[in-house]
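Undergrad:
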Amino acid sequence: MKELNYGLLDIEMTCDGKQENGKFIDDGRMKRSQREIISVGFVVCDDKYNIKNRYYSFVKPMHNTTITTYCEKLTGITQANVDCGKKCNNAFHDINEMCKRYSIDYIFTFGNADYLGIIYSAKWNRKEKEKVENLYIIAKKIIDVRPAILKAINCKSYRKSLGLFKIAEQLNVKIKGEQHNALNDAVLLYKVCRELDIQMPI
């Protein structure tokens, strides 16, 4: 029987907003369709939730090339990080190669923001005549596991549902590292899915 492996993915994107009382508030000054990927984290595990590999890379944006102060404070990602980052298609090529190596058909994300972020980034990269084929390959594998997670914790209101960090706290899942780090958040999603034993088909 073919071994079943999953990928778990998180991205960070260019963004802007304001800080009030220590909280980051996305006030809409940068539309979601204007944002681009600036880092990607990826975790590979089997269906028993044993981690097999991890990946992290900074990504160089093509359209919104300047990292705002808000974005740097939120993500910890600096202008120097992205200036030396990989082209988006190259980073996703690395992930695609991992998918081939581990025969991954399903990549879990929490919500649809990661999928949309990939599509928006593909648009801006294509506009700059950059290759984008690996972004679309990965996007087609994405499964939003948020509904399955909310069902597993008996959350009946999708609109009033908890974020991943709060769900992890509720499940007593140990949280390591800063939020809004793409690899840390991918690992956190892995831990929550492992705790709830999220499996395909969803």
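When the sequence shown is numbered by my numbering, its final residue is 220 and no position is left out of the sequence of numbers. Ideal placement from N, C-alpha and C gives every residue a C-beta, glycine not left out.
Is the separation between the beta-carbon of F128 and that of I161 shorter than 8 Å?
TA: Along the sequence shown, one-based indexing puts residue 128 at 110. Along the sequence shown, one-based indexing puts residue 161 at 143. No.
Undergrad: How far does the beta strand (DSSP E) with Q37 in it extend, from its first residue to its last?
TA: To locate residue 37, count along the sequence shown from 1; it is residue 19. Looking at the DSSP string, the run of the beta strand (DSSP E) that includes Q37 is 36 to 38.
Undergrad: Along the chain, where does the beta strand (DSSP E) that runs through Y73 open and close?
TA: Taking the sequence shown and counting its residues from 1, the one referred to as residue 73 is at position 55. Per DSSP, Y73 belongs to the beta strand (DSSP E) from 69 to 76.
Undergrad: Going by Cα to Cα distance, which pick from M116, G135, C106, C173 is closest to S51?
TA: Here residue 51 refers to the residue found at position 33 when the sequence shown is read from its first residue. For S51, the nearest C-alpha among the options comes from G135.
Undergrad: Mark C102 as exposed unless 16 or more other C-beta atoms lie within 10 angstroms of its C-beta, in which case mark it buried.
TA: Locating residue 102 in the sequence shown gives position 84, counting from the first residue. It is exposed - the Cβ of C102 has fewer than 16 other Cβ atoms within 10 Å.
Undergrad: Please return the same chain residues whose Cβ sits closer than 6 Å to the Cβ of F110, not counting the five positions on each side in sequence.
TA: As a working mapping, residue 110 is identified with position 92 in the sequence shown. Here the set comprises N152, L153, I156.
Undergrad: With DSSP collapsed to three states, give me the class of F128.
TA: Residue mapping note: residue 128 aligns to position 110 of the sequence shown, counting from 1. Correct three-state label for F128: coil.
Undergrad: Between P219, C211, I220, which lies nearest to K66 when the distance is taken from Cα to Cα?
TA: Position 48 of the sequence shown, counted from the start, is the residue given in the question as residue 66. When only C-alpha atoms are compared, the closest one is C211.
Undergrad: Could you name the residues that DSSP lists as bridge partners for N23?
TA: Within the sequence shown, residue 23 is the residue found at index 5, counting from 1. Paired residue(s): D64.
Undergrad: Beta-carbon within less than 7 Å of M31's beta-carbon, same chain only, minus the 5 sequence neighbours each way: which residues are those?
TA: Stepping through the sequence shown from its first residue, residue 31 is reached at position 13. Cβ within range, chain order: R53, E54, I55, I56, G135.
Undergrad: Applying the 10 Å Cβ sphere with the 16-neighbour rule, what's the burial state of G25?
TA: What you label residue 25 is simply residue 7 of the sequence shown in a count that begins at 1. Label assigned to G25: buried.
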